[in-house]
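Below is one structure, written out as structure tokens; the observations come after it.
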Amino acid sequence: MEFSEWTSIGYLIAAALFIFGLKKLGHPRTAPRGNQLGAMGMLVAVITTILDMQLAEADAEWTLIIAGLVIGSSIGYWMAVKVEMTGMPELVALFNGFGGAASALVALSETWRYIEGTALPTGLQLTVTMVAAGLSALVGWMTLSGSLLAMLKLKGGIEIFGKWIKTPTWGPSWLNGVKVLLIIAAFALIYYGIDNPTDKNVVYALIGVSSLLGILLVLPIGGADMPVVVSLLNSLSGIAAAFTGFIINNSVLIVAGSLVGASGLILTFIMCKAMNRTLPDVLFKAFGGSGEKQSLTRTKVGSDADEVAMMLDGAQKVIIVPGYGMAVSQCQHQVKEFADLIAEKYDTEVSYAIHPVAGRMPG
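In case it helps, the numbering used here puts the sequence shown at residues 1 to 363.
Structure follows, in structure tokens:
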């Protein structure tokens, strides 16, 4: 059996792990295993690609790839361990941006080869490659800029030289026209790039237009709609990866990107339906609050452990509503132990009430 056939088998195993992992992510009990299967699938895909490159190109700088993997994995692990549960939405938004940036950089690298006159395709292959590169750049840079702004919005702002600057929420009605013009301009640049694949100005202009479009898409959106936006950006990062797979002719990247794009888009529509809104309403109509804090006076209702224990002693059905307090205290494991305890000791029926939008983002 030739090594190319082994490469296909490796990619097939990786794709299968992605699919099974995504399936298990659909239920809270199996979600951790699904996450592990997805990570294993990516590891198999990376190892297969490195071995394929090393055998196909003797002078391939695969050591740089391994160094990048080690550094990137270390940074990702450190960020995931360090982040608090309330900061998880910001981390997800940031990772979405990194995914979009990776796809955009691959598209930029491939386009730059053509600008330098290296391996410039012709005919239909040139058209397909340039369209895929243009769409990958458009979606990738838009995802990066939009995700960075979404992260700052979720965080509330950024500290610069010791001064806290709030992230604005601004979206007059005329801004929608600007977004449409930017989308038209982006597609016009992609079309122009097909006939002029060696023009650097097209690359610079597309990066600028795409980044500005990502910022303007997220800028008007308030806090109530941010989970929907993060889910949409997650979908866009997958779509960008799929386009990149067409550029470098990598089947597993197309499969993985398509899975992420489709699942993220489905989740986005589920969230919109839960809020009785449509996706165009979220993106093009100001809603969800400005993010400004208001001063409210309320009567504090206190309780103690003994009072709660008395209430639960005779309860036949208990509904646990995970909220911000559980995320702050990181007591999810204790809550699970408590639920198992009353179910076993008092034969109590325990259920969880999780909001279809806010419940997916515990911050």
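Each residue gets a CB set at the ideal place from its N, CA and C atoms; glycine is no exception. Bear in mind that the values here come from a model prediction, so they are computed numbers and not experimental data.
Q. Just curious, the alpha helix (DSSP H) that S231 is in, first and last residue?
A. Residue numbering aside, residue 231 sits at position 231 when the sequence shown is read from its first letter. Unbroken alpha helix (DSSP H) run through S231: M226 to I248.
Q.
L232 and F18 - do their beta-carbons sit closer together than 8 Å?
A. The count along the sequence shown starts at 1 and reaches residue 18 at position 18. The count along the sequence shown starts at 1 and reaches residue 232 at position 232. Their beta carbons are not under 8 Å apart, which means F18 does not touch L232 by this criterion.
Q: Let me know if Y114 comes out buried or exposed under the rule of 16 or more other beta-carbons within 10 Å of its beta-carbon.
A: Within the sequence shown, numbered from 1, the residue matching residue 114 stands at position 114. It counts as buried.
Q | T278 versus T143: straight-line alpha-carbon distance, rounded | A | Here residue 278 refers to the residue found at position 278 when the sequence shown is read from its first residue. Here residue 143 refers to the residue found at position 143 when the sequence shown is read from its first residue. The straight-line gap from Cα to Cα measures roughly 20 Å.
Q. Which value, in whole angstroms, describes the spacing of the CA atoms of Y204 and W141?
A. By 1-based counting over the sequence shown, the position of residue 204 is 204. By 1-based counting over the sequence shown, the position of residue 141 is 141. Looking at the two C-alpha atoms, the distance is approximately 11 Å.
Q) From S109 to C331, what distance separates their C-alpha atoms? A) Residue mapping note: residue 109 aligns to position 109 of the sequence shown, counting from 1. Residue mapping note: residue 331 aligns to position 331 of the sequence shown, counting from 1. One C-alpha to the other measures close to 46 Å.
(Q) Just to confirm before moving on: does the CB-CB distance between L43 and N35 stay below 8 Å? (A) Against the sequence shown, residue 43 aligns to sequence position 43. Against the sequence shown, residue 35 aligns to sequence position 35. The answer is no: Cβ separation not under 8 Å.
Q) Who are the Cβ neighbours of I207 in its own chain at under 6 Å, not counting the five residues just before and after it? A) Position 207 of the sequence shown, counted from the start, is the residue given in the question as residue 207. If we look at I207 and ignore the five residues flanking it on each side, its Cβ neighbours are W141.
Q) In chain order, what residues of the same chain have a beta carbon less than 8 Å from the beta carbon of S211, not counting five sequence neighbours either side? A) For this step, residue 211 is matched to residue 211 along the sequence shown. W141, M142, L144 and S145, listed in sequence order.
Q: Given a cut-off of 8 Å, decide if S147 and F243 are closer than it, judged by their beta-carbon atoms.
A: As a first step, residue 243 must be located in the sequence shown, where it is residue number 243. As a first step, residue 147 must be located in the sequence shown, where it is residue number 147. In this structure, S147 does not lie closer than 8 Å to F243 by Cβ.
Q) DSSP beta-bridge partners for Y352? A) Mapped onto the sequence shown, residue 352 falls at position 352. In the DSSP output, where bridge partners are listed per residue, Y352 has I320.
**Q.** Sheet register partners of I165 (DSSP bridge)
**A.** In the sequence shown, the residue the question calls residue 165 occupies position 165. Partner(s): I158.
Q) When every heavy atom of the ligand NAD is checked, does at least one fall within less than 7 Å of the C-beta of F18? A) Ligands in the displayed structure: none, and consequently the ligand NAD is not present.
Q: Output the distance between the C-alpha atoms of P121 and G72, rounded to the nearest integer angstrom.
A: Here residue 121 corresponds to residue number 121 of the sequence shown, with the count starting at 1. Here residue 72 corresponds to residue number 72 of the sequence shown, with the count starting at 1. So the alpha carbons of these two residues sit roughly 32 Å apart.
Q: Take every Cβ of the segment 158-178, pair it with every Cβ of the segment 78-91, and state whether three or more of those distances are shorter than 8 Å.
A: no
Q.
If contacts are defined as beta-carbon pairs under 8 Å, then G245 and S237 qualify, I think. What distance do you get, rounded to the angstrom?
A. In the sequence shown, residue 245 corresponds to position 245, counting from 1. In the sequence shown, residue 237 corresponds to position 237, counting from 1. Rounded, the Cβ-Cβ distance is 13 Å, inconsistent with contact.
Q. To which residues of the same chain is A315 closer than 7 Å at the C-beta, ignoring the five residues directly before and after it?
A. Here residue 315 refers to the residue found at position 315 when the sequence shown is read from its first residue. Same-chain partners within the cutoff: T348.
(Q) Quick check: T49 and V328, are their CB atoms within less than 8 Å of each other? (A) Within the sequence shown, numbered from 1, the residue matching residue 49 stands at position 49. Within the sequence shown, numbered from 1, the residue matching residue 328 stands at position 328. It is not a contact, given that the beta carbons lie outside the stated cut-off.
Q. Does the Cβ of V357 have 16 or more other Cβ atoms within 10 Å, making it buried, or fewer, making it exposed?
A. As a first step, residue 357 is located in the sequence shown; it is residue number 357 there, counting from the start. Only buried fits V357, as 16 or more other CB atoms lie within 10 angstroms of its CB.
Q: Please report how far the alpha carbon of Y352 lies from the alpha carbon of K317, in whole angstroms.
A: Start at 1 with the first residue of the sequence shown, and residue 352 comes out as number 352. Start at 1 with the first residue of the sequence shown, and residue 317 comes out as number 317. Cα to Cα, Y352 sits roughly 11 Å from K317.
**Q.** Helix, strand or coil at W174 according to DSSP, with G and I counted as helix
**A.** If you number the sequence shown from 1, residue 174 lands on position 174. Correct three-state label for W174: coil.
Q: Pull up the distance between the alpha-carbon of E307 and that of D313, whole angstroms please.
A: To locate residue 307, count along the sequence shown from 1; it is residue 307. To locate residue 313, count along the sequence shown from 1; it is residue 313. Taking the straight line from one Cα to the other gives about 10 Å.
(Q) Do L219 and L149 have their beta-carbon atoms positioned less than 8 Å apart in this structure? (A) Locating residue 149 in the sequence shown gives position 149, where the first residue counts as 1. Locating residue 219 in the sequence shown gives position 219, where the first residue counts as 1. Yes, the Cβ-Cβ distance between L149 and L219 is below 8 Å.
Q. Which stretch, first to last residue, makes up the alpha helix (DSSP H) that contains P280?
A. Here residue 280 corresponds to residue number 280 of the sequence shown, with the count starting at 1. Boundaries of the alpha helix (DSSP H) around P280: L279 to F284.
Q: Compare the beta carbon distance of G41 and A67 with 8 Å and say whether it is the shorter of the two.
A: As a working mapping, residue 41 is identified with position 41 in the sequence shown. As a working mapping, residue 67 is identified with position 67 in the sequence shown. Not in contact: G41 and A67 (Cβ atoms no closer than 8 Å).
Q) Thinking C-beta only, is G156 closer than 8 Å to T169? A) As a first step, residue 169 must be located in the sequence shown, where it is residue number 169. As a first step, residue 156 must be located in the sequence shown, where it is residue number 156. The answer is no: Cβ separation not under 8 Å.
Q.
Considering just the uninterrupted stretch of the alpha helix (DSSP H) at M79, what are its terminal residues?
A. Indexing the sequence shown from 1 puts residue 79 at position 79. In the DSSP assignment, M79 falls within the alpha helix (DSSP H) that extends over W62 to K82.
Q: Just the C-alpha distance for I254 and K200, rounded to the nearest angstrom, thanks.
A: Walking along the sequence shown from the start, residue 254 turns up at place 254. Walking along the sequence shown from the start, residue 200 turns up at place 200. A straight line joining the alpha-carbon of I254 with that of K200 spans about 27 Å.
Q) How long is the line joining the alpha carbons of I65 and I47, rounded to whole angstroms? A) Looking up residue 65 in the sequence shown gives position 65. Looking up residue 47 in the sequence shown gives position 47. Computed Cα separation, rounded: 11 Å.
Q | Unbroken alpha helix (DSSP H) run spanning Q330, endpoints | A | Position 330 of the sequence shown, counting from 1, holds the residue named residue 330. Counting along the chain, Q330 falls outside any alpha helix (DSSP H), and DSSP gives it neither H nor E.
Q: Could you spell out where the alpha helix (DSSP H) holding I270 opens and where it closes?
A: As a working mapping, residue 270 is identified with position 270 in the sequence shown. Looking at the DSSP string, the run of the alpha helix (DSSP H) that includes I270 is S251 to A274.
Q. Is A185 helix, strand or coil when you go by DSSP?
A. Against the sequence shown, residue 185 aligns to sequence position 185. Helix, per DSSP.
Q: Go ahead and pull the three-state DSSP assignment for G117.
A: As a working mapping, residue 117 is identified with position 117 in the sequence shown. Coil at G117, not helix or strand.
(Q) When you compare the CB positions of Y192 and V202, do they come within less than 8 Å of one another, or not? (A) On the sequence shown, residue 192 is found 192 positions in, with the first residue counted as 1. On the sequence shown, residue 202 is found 202 positions in, with the first residue counted as 1. Yes.
Q: Alpha carbon to alpha carbon, how far is E116 from V70? Give it in angstroms, no decimals.
A: Residue mapping note: residue 70 aligns to position 70 of the sequence shown, counting from 1. Residue mapping note: residue 116 aligns to position 116 of the sequence shown, counting from 1. Distance between the alpha carbons of V70 and E116 is about 30 Å.
Q. Which class does P32 belong to by DSSP, given the choice of helix, strand or coil?
A. Mapped onto the sequence shown, residue 32 falls at position 32. P32 falls in the helix class under three-state DSSP.
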